[in-house]
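In the numbering used here, the protein residues as written are 636 to 720. Cβ atoms here follow ideal geometry from the backbone N, Cα and C, with glycine treated the same way. Remember, predicted model here, so these are calculated numbers, not experimental data. Let me begin by presenting the structure, written as C-alpha cells, before commenting on it.
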C-alpha cells in the first residue's frame, strides 16, 4: 500500500494536477489509486519508532495542521508475546 501526500502550491512546491498525480503514482508502481483530498487539508503525520511524538512529514499549505472532519488512519497492532487458544 502506498500512502502519498503531495504538498500544494506554495513557495517551495508547485503541487500536482490530477493527471500529474496519476503519472506519479504509476511511476511509484501503483496500478490502482484513489485521491481523497487536496489542498490545505492534506497533512501526513507519522509516528516514527525512534521518536516520542508523531511528526508532520509534509508541508501543509496553511503552514500548520488544519482541523478537518475526517481522516485516514493506519495503525500497527503489535504482535502479542503469546496467543492463548
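From the DSSP output, in three-state form, read off residue 676 for me.
If DSSP states are grouped into helix, strand and coil, residue 676 belongs with the helices.
Just to check my reading of the structure: residue 638 and residue 709 have Cβ atoms closer than 8 Å, yes? What is that Cβ distance to the nearest angstrom?
7 Å
Cβ-based burial, residue 695 [other Cβ within 10 Å; buried from 16]:
buried
Counting pairs of beta carbons, one from the region 651 to 669 and one from the region 684 to 692, are three or more of them closer than 8 Å?
By the Cβ rule, the region 651 to 669 does not count as touching the region 684 to 692, because fewer than three pairs are nearer than 8 Å.
Neighbourhood of residue 683 by C-beta, 8 Å cutoff - its chain only, sequence neighbours within 5 removed
The answer, listed in chain order, is 690.
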